[in-house]
Every structure is written in structure tokens, then in C-alpha cells.
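Numbering (our numbering), first residue to last: 1 to 146.
Heads up, the beta-carbon is just placed ideally off N, CA and C, and yes, glycines get one too.
Report on the structure given below.
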Amino acid sequence: MPRPRKFDEDQAVEAAMRAFWAQGYEATSTQDLCEATGLGRSSIYNTFASKHDLFRRALTRYVELMSGAHLAVLRDEKRPALERVRAWLAMVIDGEFENRRDGRSVGCFAVNTTVEMAGRDEEADRVLHRDLELRLDALRSLISAG
């Protein structure tokens, strides 16, 4: 019978997300993931099917967090369209300052992944394309609303 896990899997995915976000998929080693999550190699290997599986889950988490927050602002019909756009842009800019590492910008994990993995990872492409379409639809609706 396997031993029960003594760590929070969601926290591990969150920590891995930050590592992949700062360094990219290729540059993030298993050791980097161990250091970021505080887990040993065996815990990582036993919990996640592969580095790519952990990356996929981290990217999905990022998209859910960021899109959820951004779309909530963009779709908030209690506010005028222009105010929603301003609030969204402020959120993007503030996020840039909040998500710095060693005094430098880490950029947008979605954009970084698009650049690094373009055409090489169909699953990441699908996740990012769906995210882009949701954001574009929200912006189109705002523009139509005036």
C-alpha cells in the first residue's frame, strides 16, 4: 500500500508554475523543480507522470488564474466599458511589477511559452489558443459595447 502524500499537490503545481514561468520549460531542470517545490525527486516522479505533465498542469493553472482574474474585470457589466479596459490594463501592469524575479521582469508565462514552444507542443498550443480566444472575445465585446 503506498504511503499517503505529505504535501499539497496544488502548492507543488503553483511552485513549479513559478519556476517554469521564470526560466522556461527547457531551462527548468528536475533539480530546479525539486528546489522550487521543496519535494524530492521521488515525490515529483511519483506524483507527476513527467516533467511535461507537471509543465502542462502549471500552464493550465496559470491560465486559469490569470484568465479568471482578467475576464472577471473585462466582463463586469456593472462598470462602463472604458472603466473595465482601464482596470484590466492596470491589472496587467501591476502584475508585471508583482511578478519580478531578482529585480527583472519574468514577463507573461503564456507569451513566454508561446515563444519557446511554438509549434512543438500541441497541448500547450491548445491551452494557449483557447485562452487567447476567451480574452479576445471579451475585448471584442467591450469594443462593441463602446
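Span separating the alpha-carbon of residue 30 from that of residue 107: 22 Å
Just list the beta strand (DSSP E) runs in the region 44-95, keeping only unbroken ones of 3 residues or longer that don't cross its boundaries, in chain order. Listed in chain order, there is nothing to give.
Compute the Euclidean distance between the alpha carbons of residue 1 and residue 18, then round it to the nearest angstrom. Because the pLDDT of residue 1 is 47, which lies under 50, any placement of that residue in the model is unreliable, and the number read from its coordinates should be weighed accordingly. Distance from the CA of residue 1 to the CA of residue 18, rounded to the nearest whole angstrom, comes to 33 Å.
If you draw a straight line from the alpha carbon of residue 145 to that of residue 82, how long is it in whole angstroms? 9 Å
DSSP has residue 100 in a bridge; who is on the other side? In the DSSP output, where bridge partners are listed per residue, residue 100 has 105.
Helix, strand or coil at residue 27 according to DSSP, with G and I counted as helix: coil
Where does residue 39 sit, in a helix, a strand or coil, going by DSSP? coil
Measuring CB to CB, does residue 135 end up less than 9 Å from residue 52? no
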